[in-house]
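To keep things clear, I will list the structure first and then write my remarks on it.
Number of protein chains: 2
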Amino acid sequence: MSSLVLPHIRKLAAYVPGEQPKIPGLIKLNTNENPYPPSPRVFRALKQAIDPRLRLYPDPASLSLRKAIAAHFHCGTENVFVGNGSDEILSLALRAFAGEKCRVIFPAPSYSLYPVLVQIQNARPLVVELGADYTFSVEKFRPNASLSFIANPNAPSGTFIHKRILARLARRLKGVLLIDEAYADFARENCATLFKTFSNVLVTRSFSKSYSLAGMRVGFALGSRALINALFKVKDSYNVDRLAQIAAEAAFRDQPYLRRNVRRIRGTRERLSKSLLAHDWEVLPSEANFVFARPPEGMRAIDVFRHFRCHKVLVRHFPGKRTGAWLRISIGTDKEIDFLLKALQSICRPGKR
Amino acid sequence: MSSLVLPHIRKLAAYVPGEQPKIPGLIKLNTNENPYPPSPRVFRALKQAIDPRLRLYPDPASLSLRKAIAAHFHCGTENVFVGNGSDEILSLALRAFAGEKCRVIFPAPSYSLYPVLVQIQNARPLVVELGADYTFSVEKFRPNASLSFIANPNAPSGTFIHKRILARLARRLKGVLLIDEAYADFARENCATLFKTFSNVLVTRSFSKSYSLAGMRVGFALGSRALINALFKVKDSYNVDRLAQIAAEAAFRDQPYLRRNVRRIRGTRERLSKSLLAHDWEVLPSEANFVFARPPEGMRAIDVFRHFRCHKVLVRHFPGKRTGAWLRISIGTDKEIDFLLKALQSICRPGKR
Chain A
1 MSSLVLPHIR KLAAYVPGEQ PKIPGLIKLN TNENPYPPSP RVFRALKQAI
51 DPRLRLYPDP ASLSLRKAIA AHFHCGTENV FVGNGSDEIL SLALRAFAGE
101 KCRVIFPAPS YSLYPVLVQI QNARPLVVEL GADYTFSVEK FRPNASLSFI
151 ANPNAPSGTF IHKRILARLA RRLKGVLLID EAYADFAREN CATLFKTFSN
201 VLVTRSFSKS YSLAGMRVGF ALGSRALINA LFKVKDSYNV DRLAQIAAEA
251 AFRDQPYLRR NVRRIRGTRE RLSKSLLAHD WEVLPSEANF VFARPPEGMR
301 AIDVFRHFRC HKVLVRHFPG KRTGAWLRIS IGTDKEIDFL LKALQSICRP
351 GKR
Chain B
354 MSSLVLPHIR KLAAYVPGEQ PKIPGLIKLN TNENPYPPSP RVFRALKQAI
404 DPRLRLYPDP ASLSLRKAIA AHFHCGTENV FVGNGSDEIL SLALRAFAGE
454 KCRVIFPAPS YSLYPVLVQI QNARPLVVEL GADYTFSVEK FRPNASLSFI
504 ANPNAPSGTF IHKRILARLA RRLKGVLLID EAYADFAREN CATLFKTFSN
554 VLVTRSFSKS YSLAGMRVGF ALGSRALINA LFKVKDSYNV DRLAQIAAEA
604 AFRDQPYLRR NVRRIRGTRE RLSKSLLAHD WEVLPSEANF VFARPPEGMR
654 AIDVFRHFRC HKVLVRHFPG KRTGAWLRIS IGTDKEIDFL LKALQSICRP
704 GKR
């Protein structure tokens with residue numbers, strides 16, 4: 001009876017999220033979660049909200065949270081959209097801006113969800129292959145696509161494109177440019193306010209990484225009133241639940257906690273990068289909360305992945321021509337990274353005895 | 354710059370959810386929320402879950418909750434899907450089963466979200482106009498539509514279609530029949546297991562009404578493996594957050610609480626119906642947690658709506674030819690319904706002095 005399912009959905013190989021195994025004592029460095037807990041304010045706010053009001057629908061417009069975000073970015077509430085994770089916003093953007101057969105551009109290797117979302121929408125994917133150093137030339141983007149995705153910092157590479165280049169890209173494109181800034185809080189620069197200059201720019205952010213709230217599924221978008229309005233039309237009426245709105249707002253209002261947390265993770269990131277380089281790994285310069293690194297010759301990435309796993313350290317391996325020789329390692333606590341480095345030393349390197 | 358937005362989205366008048374006003378002391382009988390709090394087990398489970406694990410992604414497959422649901426309905430976990438409210442499941446069903454220009458059938462008057470979802474997907478709506486008593490003939494459904502929606506009990510009427518009629522409909526239809534059972538726990542019969550006989554039947558349920566968890570956004574679907582698989586392919590990776598999964602499972606595991614709660618609401622529903630009839634209102638037989646009722650001649654529904662509002666009682670009025678003379682009143686506590694009936698008595702009825 002699978003003829004009941006649309007042909008392009010039947011053909012679709014579903015997006016595979018990173019493993020969420022329940023192995024006790026596992027050091028989980030595979031899905032870029034934050035190793036530190038959310039702000040204490042989140043726990044306080046949530047505890048206060050666990051009461052009979054759970055029987056009532058949440059605010060369909062997430063107004064209180066949107067006001068806090070708008071104040072921070074010096075824009076109007078009408079320039080802010082809140083979604084059930086920034087993944088929901090990516091999916092809504094396709095439905096609002098790119099219909100069946102419309103052209104959608106995204107780079108590769110990048111977030112592997114983009115091609116899946118394009119296929120779900122039955123739109124036409126145009127892949128911009130990134131260079132060896134994960135840069136791209138603006139000219140490779142066809143100006144007349146309905147929608148273009150750019151992850152900045154990029155995943156899984158952690159590399160970063162300068163704001164002035166994305167501004168050039170925004171000027172070139174006639175369609176919507178969605179800048180996916182899930183990791184931007186860990187970067188030295190971001191494009192949060194680019195939408196004020198370019199009405200075709202939509203910037204998405206996530207509470208999952210920098211705010212340590214992956215479990216609560218909240219993301220937001222900044223954009224012109226027209227783009228934000230369109231997202232509102234397409235979204236489910238009550239897309240973000242009560243507790244998610246409350247947790248996200250409490251986290252957002254604690255910017256000092258965010259900054260402290262980000263500082264620690266950047267420190268650990270630099271230390272891990274240096275250690276891997278000292279072990280003859282190739283390491284891409286990262287502006288995110290993970291590093292993308294390649295074991296030295298004679299050491300296969302998949303073998304190192306398995307070796308780490310035996311030592312109860314889970315990292316991420318993306319099979320494929322461009323990524324198969326690399327591993328993506330989320331930044332954990334200093335202790336967790338020390339453990340990983342120790343596990344690394346126990347790998348037997350051929351020809352290096 | 355609204356040319357960035359797809360034409361069918363530009364034209365779309367967004368779905369308008371019922372008001373969520375923050376007036377102190379307001380009796381809120383407008384969006385069919387449950388007047389009673391969720392099970393005490395929900396509060397206990399949530400309190401235990403507010404800890405640093407919020408930094409971790411939720412289970413993308415909601416497996417623990419799906420197992421509980423599958424055990425209850427004597428089916429496999431692969432027959433159960435969990436969504437961010439049953440609204441999300443309706444939207445996913447369109448994306449999985451009915452592409453652009455595909456035919457989608459839904460009755461009218463019914464849940465006013467159906468036409469909006471069909472328009473978002475740019476599919477072709479086929480409206481089956483319900484009779485004066487809100488019944489329909491199976492023959493009115495074109496067999497070759499990709500997807501048909503039936504709300505049972507229906508909203509806003511509260512009326513009910515027998516399982517044997519829906520079984521006949523399922524047999525007639527070549528496409529998917531989605532039976533939206535958001536209110537089924539309040540009815541004397543349901544179609545939960547119809548999917549075991551008909552592989553084109555998908556039944557959706559909600560935690561918002563009978564489980565008093567509108568604030569947490571959880572719904573589920575029961576269906577053949579092929580239909581459930583298709584929903585999994587289309588959904589966002591992490592569509593239901595940690596606390597929502599935990600709250601829903603705790604609520605679901607307390608079936609005695611659900612039954613007690615439903616019994617109370619049905620009792621209040623019968624009392625309200627009788628009182629309205631005694632006041633010369635027309636009242637449709639309801640199998641849901643609301644009644645759809647029409648004030649006697651000489652009393653305009655919109656005026657009664659305003660009168661109630663002055664007395665801090667909020668009910669729902671749907672403008673339109675078929676519904677504009679009626680009001681939908683959610684079943685509150687006995688005390689709330691007494692208050693509404695008292696407010697009703699203070700209405701000055703022309704010619705009845």
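Top to bottom, those sequences are chains A and B. For the first sequence, position 164 matches number 164 in this note's numbering, and the numbering has no gaps at all. With positions in the second sequence counted from 1, the corresponding number in this note's numbering is that position plus 353. Heads up, the beta-carbon is just placed ideally off N, CA and C, and yes, glycines get one too.
Determine the chain B residues that contact residue i at a beta-carbon separation under 9 Å, and present them in chain order.
{"i": "Thr31 of chain A", "result": "Leu409 and Tyr410"}
{"i": "Tyr257 of chain A", "result": "None at all; the shortest Cβ gap to chain B is about 13 Å."}
{"i": "Pro17 of chain A", "result": "Tyr410, Pro413, Ser590 and Tyr591"}
Going by the CB atoms, is the gap between residue j and residue i shorter than 8 Å?
{"i": "Leu314 of chain A", "j": "Ile69 of chain A", "result": "no"}
{"i": "Leu407 of chain B", "j": "Ala600 of chain B", "result": "no"}
{"i": "Gly511 of chain B", "j": "Val644 of chain B", "result": "yes"}
{"i": "Leu479 of chain B", "j": "Arg456 of chain B", "result": "yes"}
{"i": "Ala574 of chain B", "j": "Leu547 of chain B", "result": "no"}
{"i": "Tyr183 of chain A", "j": "Ala108 of chain A", "result": "no"}
{"i": "Gly572 of chain B", "j": "Arg595 of chain B", "result": "no"}
{"i": "Ser563 of chain B", "j": "Phe539 of chain B", "result": "yes"}
{"i": "Val5 of chain A", "j": "Ala504 of chain B", "result": "no"}
{"i": "Phe494 of chain B", "j": "Arg525 of chain B", "result": "yes"}
{"i": "Leu693 of chain B", "j": "Leu382 of chain B", "result": "yes"}
To the nearest angstrom, report how far apart residue i and residue j are at their CA atoms.
{"i": "Gly704 of chain B", "j": "Arg669 of chain B", "result": "With a pLDDT of 49 at Gly704 of chain B, under the threshold of 50, the modelled position of this residue cannot be trusted; read the value that follows with caution. Roughly 26 Å between the two C-alpha positions."}
{"i": "Arg706 of chain B", "j": "Ile700 of chain B", "result": "Per-residue confidence for Arg706 of chain B stands at a pLDDT of 41, beneath the threshold of 50, marking its modelled position as unreliable; the derived number appears in the next sentence. Going by the C-alpha atoms only, they are around 11 Å apart."}
{"i": "Pro405 of chain B", "j": "Tyr36 of chain A", "result": "8 Å"}
{"i": "Glu635 of chain B", "j": "Thr676 of chain B", "result": "13 Å"}
{"i": "Ile228 of chain A", "j": "Val587 of chain B", "result": "23 Å"}
{"i": "Ala250 of chain A", "j": "Val42 of chain A", "result": "5 Å"}
{"i": "His425 of chain B", "j": "Asn437 of chain B", "result": "20 Å"}
{"i": "Glu88 of chain A", "j": "Asp589 of chain B", "result": "6 Å"}
{"i": "Val176 of chain A", "j": "Ser148 of chain A", "result": "6 Å"}
{"i": "Tyr57 of chain A", "j": "Asn239 of chain A", "result": "10 Å"}
{"i": "Leu611 of chain B", "j": "Pro496 of chain B", "result": "37 Å"}
{"i": "Thr488 of chain B", "j": "Ala508 of chain B", "result": "13 Å"}
{"i": "His279 of chain A", "j": "Gln345 of chain A", "result": "9 Å"}
{"i": "Arg647 of chain B", "j": "Lys22 of chain A", "result": "55 Å"}
{"i": "Leu466 of chain B", "j": "Gln121 of chain A", "result": "20 Å"}
{"i": "Ala597 of chain B", "j": "Arg397 of chain B", "result": "13 Å"}
{"i": "Lys321 of chain A", "j": "Leu276 of chain A", "result": "22 Å"}
{"i": "Arg363 of chain B", "j": "Arg66 of chain A", "result": "23 Å"}
Determine the DSSP secondary structure at residue i, reduced to helix, strand or coil.
{"i": "Pro509 of chain B", "result": "coil"}
{"i": "Pro256 of chain A", "result": "helix"}
{"i": "Ala461 of chain B", "result": "strand"}
{"i": "Ala98 of chain A", "result": "coil"}
{"i": "Ala414 of chain B", "result": "coil"}
{"i": "Asp687 of chain B", "result": "helix"}
{"i": "Lys342 of chain A", "result": "helix"}
{"i": "Lys233 of chain A", "result": "helix"}
{"i": "Ile599 of chain B", "result": "helix"}
{"i": "Ile27 of chain A", "result": "strand"}
{"i": "Val593 of chain B", "result": "coil"}
{"i": "Ala123 of chain A", "result": "coil"}
Run through chain A and tell me which residues come within less than 9 Å of residue i, C-beta to C-beta.
{"i": "Arg570 of chain B", "result": "Tyr57, Pro58, Asn84, Asp236, Tyr238, Asn239, Val240, Asp241, Arg242 and Ala244"}
{"i": "Asp440 of chain B", "result": "Asp236, Ser237, Tyr238 and Asn239"}
{"i": "Gly390 of chain B", "result": "Strictly speaking, residue 390 of chain B in this sequence is Pro, with Gly absent from that position. Ordered by position in chain A, the residues that pass the 9 Å Cβ test against Pro390 of chain B are Asp51, Pro52, Arg53, Leu54 and Arg55."}
So which residues on chain A does residue i lean against when the C-beta distance must stay under 7 Å?
{"i": "Arg448 of chain B", "result": "Ile120"}
{"i": "Arg406 of chain B", "result": "Gly215"}
{"i": "Ser355 of chain B", "result": "Ala226"}
{"i": "Leu625 of chain B", "result": "Near Leu625 of chain B there are no residues of chain A at all, since even the closest Cβ is about 19 Å away, more than 7 Å."}
{"i": "Asn387 of chain B", "result": "Arg55"}
{"i": "Leu526 of chain B", "result": "What Leu526 of chain B touches in chain A: nothing, since even the nearest Cβ is about 10 Å away."}
{"i": "Leu399 of chain B", "result": "Ile50"}
{"i": "Val529 of chain B", "result": "Leu4"}
So which residues of chain B does residue i contact, with C-beta pairs closer than 7 Å?
{"i": "Ile9 of chain A", "result": "Ala449, Ala583, Lys586 and Val587"}
{"i": "Phe43 of chain A", "result": "Ile403"}
My understanding is that residue i touches residue j, with C-beta atoms under 8 Å, so please give their C-beta distance in whole angstroms.
{"i": "Leu169 of chain A", "j": "Val138 of chain A", "result": "5 Å"}
{"i": "Gly99 of chain A", "j": "Glu453 of chain B", "result": "7 Å"}
{"i": "Thr31 of chain A", "j": "Ser330 of chain A", "result": "7 Å"}
Using a C-beta to C-beta distance shorter than 8 Å, which residues of chain A count as neighbours of residue i?
{"i": "Ser367 of chain B", "result": "Here residue 367 of chain B is Ala; the residue named in the question, Ser, does not match the sequence. What Ala367 of chain B touches in chain A: Phe232 and Lys233."}
For residue i, return the contacting residues in chain B, with the cut-off set at a CB-CB distance below 8 Å.
{"i": "Gly99 of chain A", "result": "Leu359, His361, Glu453 and Asn475"}
{"i": "Gln345 of chain A", "result": "Neighbours of Gln345 of chain A on chain B: none; closest Cβ ~28 Å, over 8 Å."}
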